[in-house]
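As structure tokens, the structure follows; a few thoughts come after it.
There are 2 protein chains.
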Amino acid sequence: MSGSQNTSMTIGSLANAAEINVETIRYYQRLGLMTEPEKPLGGIRRYNDDALARLRFIRRARWLGFSLEEIGELLKLEDGTHCDEAKALGGRKLGNVRDKIRSLQQIEGVLDQLVEECCTQKDNVSCPLIASLHEGFETVTQ
Amino acid sequence: MSGSQNTSMTIGSLANAAEINVETIRYYQRLGLMTEPEKPLGGIRRYNDDALARLRFIRRARWLGFSLEEIGELLKLEDGTHCDEAKALGGRKLGNVRDKIRSLQQIEGVLDQLVEECCTQKDNVSCPLIASLHEGFETVTQ
DNA sequence: CTTACCTCCGTAGTCGACTACGGAGTCAAA
DNA sequence: TTTGACTCCGTAGTCGACTACGGAGGTAAG
Chain A
346 MSGSQNTSMT IGSLANAAEI NVETIRYYQR LGLMTEPEKP LGGIRRYNDD
396 ALARLRFIRR ARWLGFSLEE IGELLKLEDG THCDEAKALG GRKLGNVRDK
446 IRSLQQIEGV LDQLVEECCT QKDNVSCPLI ASLHEGFETV TQ
Chain G
346 MSGSQNTSMT IGSLANAAEI NVETIRYYQR LGLMTEPEKP LGGIRRYNDD
396 ALARLRFIRR ARWLGFSLEE IGELLKLEDG THCDEAKALG GRKLGNVRDK
446 IRSLQQIEGV LDQLVEECCT QKDNVSCPLI ASLHEGFETV TQ
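So the protein sequences, as listed, match chains A and G. 346 is the number of the first residue of the first sequence in this note's numbering; add one for each residue after it. 346 is the number of the first residue of the second sequence in this note's numbering; add one for each residue after it.
Take a look at the structure:
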């Protein structure tokens with residue numbers, strides 16, 4: 346779609362572009378979340394936009410509460426691997442994501458209401474945030 | 346709505362009900378996320394359903410990627426505190442939550458498509474998950 | 001009133017996710 | 001060709017969020 350410019354960065358400029366620490370990139374490489382490009386015989390490794398996109402994805406997924414291990418699983422879905430396996434995993438992750446969306450939407454509704462009503466009604470003692478969560482939620486973890 | 350039963354638990358049964366460790370509850374108390382109920386003179390503290398609801402909320406918020414500090418801020422909104430302040434904070438948090446929802450919905454769309462198309466089309470080499478995230482996203486942190 | 005199982009509380013350990021450090025090598029501009 | 005900034009890589013430190021430990025005391029069943 347939009348042309349892929351800026352191919353071939355050093356790890357430093359990559360880190361800069363992704364707004365993370367160089368060491369963090371190396372760390373992700375050690376964990377296998379990023380592949381280390383070939384080093385040209387006593388030279389310096391070069392990174393392209395795919396690496397940048399991958400880093401941004403990792404950052405966002407982290408921000409959304411996924412562990413690096415989970416992110417690794419999500420990223421495995423990329424590598425046109427074994428279809429059935431990927432499909433199953435994808436399905437599970439999808440459920441996971443939808444649970445998170447539902448939870449966030451609940452919180453959204455409550456926060457929205459809270460911001461709306463805040464100064465309007467004075468004698469609202471109890472907490473809508475918590476009250477609205479009284480209806481139990483499945484033990485969603487993982 | 347539904348009657349509040351099971352008031353007055355020990356910390357052990359509270360932990361049990363919330364499916365977390367006793368030590369974690371104490372930890373939250375130390376951080377000020379939970380208040381420690383009065384100890385009846387050489388006796389044992391008792392907890393009610395509010396404490397349970399609060400714990401469940403904390404757990405869910407953690408799962409959604411909020412730090413304990415952020416959760417503390419969210420919980421402050423409860424304590425009928427200074428309206429304007431709460432309103433501002435609530436507004437900010439609301440934006441935060443909506444960003445998360447949008448991000449998750451993007452991931453949801455991609456995962457859904459991936460699970461759908463997985464085995465259908467063979468020669469799909471590149472990664473939709475990552476590809477779909479090529480369109481930059483604001484630096485959303487905090 | 002003993003026994004088993006809690007609570008209480010302070011301190012210390014663990015684990016995931018970074019982040020820093022240091023010395024040797026590389027590259028580009030002046 | 002020197003200088004300054006950066007890469008490489010292994011190891012070690014930090015930080016947030018728990019989790020464990022241990023000894024003194026409470027509590028309830030038999």
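Yeah, the Cβ is synthetic: ideal placement off N, Cα and C, and Gly gets one too. Remember, predicted model here, so these are calculated numbers, not experimental data.
If we ignore side chains and look at the alpha-carbon of each, how far apart do residue i and residue j end up?
| i | j | result |
| --- | --- | --- |
| G/Gly377 | G/Lys421 | 10 Å |
| G/Glu415 | A/Ile365 | 21 Å |
| G/Arg405 | A/Asp444 | 10 Å |
| A/Asp429 | A/Leu419 | 14 Å |
| G/Gln451 | G/Ser353 | 43 Å |
| G/Met379 | G/Ile370 | 8 Å |
| G/Ser448 | A/Lys432 | 21 Å |
| A/Asn441 | G/Glu423 | 28 Å |
| G/Gly388 | G/Leu397 | 21 Å |
| A/Ser492 | A/Glu383 | Here chain A comprises residues numbered 346 to 487, so residue 492 of chain A is not present and cannot be evaluated. |
| G/Glu462 | A/Glu381 | 30 Å |
| G/Arg399 | G/Leu386 | 26 Å |
| G/Glu368 | A/Ile446 | 29 Å |
| A/Arg375 | A/Thr355 | 18 Å |
Starting from residue i and walking both ways along the alpha helix (DSSP H), at which residues does that stretch end?
| i | result |
| --- | --- |
| A/Arg401 | Asp394 to Trp408 |
| G/Ser353 | Taken as a continuous stretch (DSSP letters only), G/Ser353 belongs to no alpha helix (DSSP H), as it is neither H nor E. |
| A/Thr369 | Val367 to Leu376 |
| G/Lys445 | Cys428 to Glu462 |
| G/Glu421 | The displayed chain sequence assigns Lys, not Glu, to residue 421 of chain G. Note, G/Lys421: alpha helix (DSSP H), Leu413 to Lys421. |
Is residue j closer than 8 Å to residue i when the C-beta atoms are compared?
| i | j | result |
| --- | --- | --- |
| G/Gly417 | A/Val460 | no |
| A/Arg401 | A/Ala363 | yes |
| A/Ile403 | A/Tyr373 | yes |
| G/Leu409 | A/Gly410 | yes |
| G/Asp457 | A/Leu439 | yes |
DSSP state of residue i, grouped into three classes?
| i | result |
| --- | --- |
| G/Thr484 | Residue confidence is low: G/Thr484 scores 38 on pLDDT, short of 50, so the model does not pin down where it sits. Its coordinate-derived value is still stated next. Reduced to three states, the DSSP call for G/Thr484 is coil. |
| G/Arg391 | coil |
| G/Leu386 | coil |
For residue i, is the beta carbon positioned less than 7 Å from some heavy atom of the ligand ADP?
| i | result |
| --- | --- |
| G/Thr355 | By its list of ligands, the structure shown contains no ligand whatsoever, and the ligand ADP lies outside what it can speak to. |
Legend entry - Three CB pairs or more closer than 8 Å across the segment 354-373 of chain A and the segment 393-410 of chain A: Flag = yes, the segment 354-373 of chain A and the segment 393-410 of chain A touch.
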